[in-house]
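Participant: Below is one structure. I have some questions about it.
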Amino acid sequence: MKAYTRLMSVLLVACLGIVLVTGAYLTFFYSPADNPIYDGPYEPLRGVEMSAAYASELKLTFETPGGLLVRALHQWSGLAFLLVAVFRLILIRRFLPALPVLALLGLGALNVVVGLVTTGAVPARETFEEVPTIWWYSVHLLLALTTAGALMVAWRQQSRPD
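Counted the way my numbering counts, the sequence shown spans residues 1 to 162.
This is the structure we're talking about:
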């Protein structure tokens, strides 16, 4: 049982590292601005007016070497982080002390939503569109680091012998 718990911990750290590295890489290609008319290599969308966030995602996907791979790694590593965290909670069988950790997993889910709104995958209302992009990046990164840090601290406290 202890080996599985240690394996889950290593997976959590690996997923966090992948998310941070790929997220840093993706920020170089993401550029929200006005609503451009798409003129990239993807034929079905040529000439369509779209948000700049979505246009930059298409450019990253189709024009940047390895862009689709990096986006997929970022998304799936973030989801794997949350799933491994839940499985680790099930393995250690300490649910009452883990309730704050479950609340932090809710913060992680909020982080995913902020990431989706930031990239334009989920359309935001007009009130969100007025918020500068740097604030969205800051909130996204802050939520991710807070969730990861709090999970690690909580599990270190739980793994101490009673």
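Beta carbons are placed, not taken as given, at the ideal position from N, Cα and C, and that holds for glycine.
1) Would you mind listing the alpha helix (DSSP H) stretches within the stretch 37–123 that are 4+ residues and don't spill past its ends, in chain order?
2) Check whether the Cβ atoms of F87 and C15 sit closer than 9 Å, and answer yes or no.
3) Going by DSSP, what residue range makes up the alpha helix (DSSP H) through S9?
4) Give every residue of the same chain whose Cβ lies closer than 8 Å to the Cβ of E63, excluding the five residues on either side of it in the sequence, and list them in chain order.
5) Could you tell me whether the stretch 22–29 touches the stretch 2–13, where touching means 3 or more Cβ pairs closer than 8 Å?
6) Using 8 Å for Cβ pairs, my map puts L60 next to R71. What's the rounded Cβ distance?
7) What did DSSP end up calling Y30 once you bin it into helix, strand or coil?
Facilitator: Looking at the coordinates:
1) The alpha helix (DSSP H) runs of length 4 or more contained entirely in the stretch 37–123 are, from start to end of the chain, 52–62, 67–92 and 99–119.
2) On the sequence shown, residue 87 is found 87 positions in, with the first residue counted as 1. On the sequence shown, residue 15 is found 15 positions in, with the first residue counted as 1. Not closer than 9 Å, so no.
3) Residue mapping note: residue 9 aligns to position 9 of the sequence shown, counting from 1. For S9, the enclosing alpha helix (DSSP H) begins and ends at K2 to T27.
4) The residue labelled residue 63 in the question sits at position 63 within the sequence shown. G40 and P41.
5) Contact between the stretch 22–29 and the stretch 2–13 is absent, because fewer than three Cβ pairs lie under 8 Å.
6) Here residue 60 corresponds to residue number 60 of the sequence shown, with the count starting at 1. Here residue 71 corresponds to residue number 71 of the sequence shown, with the count starting at 1. Between R71 and L60 the Cβ distance is about 7 Å, and since that is below 8 Å, they are a contact.
7) As a first step, residue 30 is located in the sequence shown; it is residue number 30 there, counting from the start. The answer is coil: DSSP assigns Y30 none of H, G, I, E or B.
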